[in-house]
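In the working numbering, the protein residues as written are 946 to 1082.
If you want it as structure tokens, here you go:
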């Protein structure tokens, strides 16, 4: 079980810029904020989402809602899509409040992805290998 997130320097292989510890279950996904250079977000198998400061290594915020994958909305990063079981939650990144719960899958969601504009979100799950497109406005 790997509960640690490492931020590596690609120009210096093997060099870790920062190590983040605080998850109690296996880390399943992470994503850099598109506009805040100091922010990275991770989720674990217990559904805990942690917002990390890259500069000082501290956990800035903790919320619940993602066990499989999370992705910041491109361009602005105002929203975070977090998949847990068969639901995609749209969380406000400033307040950590759930704005929407997108339900349409009957089995576990494996992946979520925003289009480059941040207006469309797609999710894919085990249920007949379906793809759910979601229009976000």
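For every residue, glycine included, the Cβ atom is placed at its ideal position computed from N, Cα and C.
Given the structure is predicted, the values throughout are model-derived calculations rather than measurements.
What's the C-alpha gap between residue 1036 and residue 1042? Mapped onto the chain shown, residue 1036 falls at position 91. Mapped onto the chain shown, residue 1042 falls at position 97. Spanning the two alpha carbons is a distance of roughly 6 angstroms.
Starting from residue 1037, trace the beta strand (DSSP E) both ways and give me its first and last residue. Taking the chain shown and counting its residues from 1, one reaches residue 1037 at position 92. In the DSSP assignment, residue 1037 falls within the unbroken beta strand (DSSP E) covering 1032-1037.
Consult DSSP for residue 989 and reduce its assignment to one of helix, strand or coil. Position 44 of the chain shown, counted from the start, is the residue given in the question as residue 989. Residue state, collapsed to three classes: strand.
Going along the chain, which residues of its own chain have a beta-carbon closer than 7 angstroms to the beta-carbon of residue 1005, five neighbours each way excluded? Mapped onto the chain shown, residue 1005 falls at position 60. Around residue 1005: 996, 997 and 998.
Residues of its chain near residue 947, where Cβ-Cβ distance is below 8 angstroms and the 5 sequence neighbours each way are ignored: The residue given as residue 947 occupies position 2 in the chain shown. Setting aside the 5 residues that flank it on each side, residue 947 is surrounded in the same chain by 971 and 972, each with a C-beta closer than 8 angstroms to its C-beta; the list follows chain order.
From which residue to which residue does the beta strand (DSSP E) around residue 1069 run? Taking the first residue of the chain shown as 1, we reach residue 1069 at position 124. The continuous beta strand (DSSP E) containing residue 1069 extends over residues 1065-1070.
Grab the span of the beta strand (DSSP E) containing residue 1054 for me, first residue to last. Translated into positions along the chain shown, residue 1054 becomes position 109. Counting along the chain, the beta strand (DSSP E) containing residue 1054 begins and ends at 1054-1059.
Should residue 1018 and residue 1063 be called a contact, given that it needs their Cβ atoms to be closer than 8 angstroms? Here residue 1018 refers to the residue found at position 73 when the chain shown is read from its first residue. Here residue 1063 refers to the residue found at position 118 when the chain shown is read from its first residue. Note that the C-beta distance between residue 1018 and residue 1063 is below 8 angstroms.
Applying the criterion that 16 or more other CB atoms from any shown protein chain within 10 Å of the CB defines a buried residue, is residue 1020 buried or exposed? Taking the chain shown and counting its residues from 1, the one referred to as residue 1020 is at position 75. That one is exposed.
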